[in-house]
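Its first residue numbered -12, the sequence shown is counted upward by one per residue in the numbering used here. We put the beta carbon where it would ideally sit given N, CA and C, even for glycine. Notes follow the structure.
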Amino acid sequence: MYDKEYIDFLVHFHCDRDYFECHEILEEHWKKDPPKKRKSYWVGLIQIAVGLYHQRRGNFAGAFKMISNALRILTKEQLALSELGLHSNDLLKQLKIRKAEILEEKAYYSINLPISDENLLALCMQKCEIQQIPWGKESNLTDDDLIHKHINRDRKEVIEERLKQLTKRKEKRKDTK
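So, in structure tokens, the structure goes:
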């Protein structure tokens, strides 16, 4: 009923608090659909993770922008959120509170997404048990690899893909001239 990537996103979000990985997982999933059929609610969930990643690093401007965008998108996608097993009203309340806290430059603390579907929660818990990781653990604020993951990761594949896409766009422009 739920996509594997979505469950993986939820497990990372609630267990190791690896918001960078949350972003990577859902972005790949979102991109599986053709560009005109991509679902904006995935972007909203990605932006929550990115916003929390920024807040945890003390980048309040980036955090504010991402949480604001997530709030704007997900306000329009409440039915989809319910279909994803989330309590949409509770999530939107959480995001409004977090947005105000970011504006005041309050320190990061972990949050849990309000999962309303007991079956979804059971699937997530089952995955946690298999991986032997606790659900709902607070973020490790001393783990520099987690907090600064975008700086410390190997970007070779990302750079290669960007160059490939740039070349495609240039070729496409040539063909239209």
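Spatial distance of residue i from residue j (CA atoms)
i	j	result
Ala57	Asp77	14 angstroms
Lys155	Lys93	43 angstroms
Leu100	Tyr(-7)	13 angstroms
Met(-12)	Leu110	11 angstroms
Asp104	Glu15	24 angstroms
Cys9	Ser27	16 angstroms
Ile12	Lys159	29 angstroms
Gln34	Ala50	9 angstroms
Asp20	Leu150	22 angstroms
Trp29	Tyr95	23 angstroms
Ala48	Cys115	33 angstroms
Arg59	Glu147	32 angstroms
Leu68	Asp(-5)	17 angstroms
Ser75	Leu108	16 angstroms
Per DSSP, the bridge partner or partners of residue i
i	result
Phe73	Residue identity differs from the one stated: residue 73 is Leu in this sequence, not Phe. Bridge partners of Leu73: Ile102.
Supposed contact pair residue j and residue i - C-beta distance, whole angstroms, cut 8 angstroms
i	j	result
Gly72	Ile117	In fact, because the Cβ distance is near 20 angstroms, the residues do not count as touching under 8 angstroms.
Trp122	His(-1)	Not confirmed; about 11 angstroms, so no contact.
Gly31	Leu61	4 angstroms
Ile54	Ile89	6 angstroms
Ile120	Asp3	6 angstroms
Contact with chain B by residue i, beta-carbon distance below 8 angstroms
i	result
Lys18	The chain labelled as chain B is not found in the depicted structure, where only one protein chain is given.
If you pair each beta-carbon of the region 31 to 49 with each one of the region 76 to 94, do three or more pairs fall below 8 angstroms? Between the region 31 to 49 and the region 76 to 94 there are three or more C-beta pairs closer than 8 angstroms, enough to call the two in contact.
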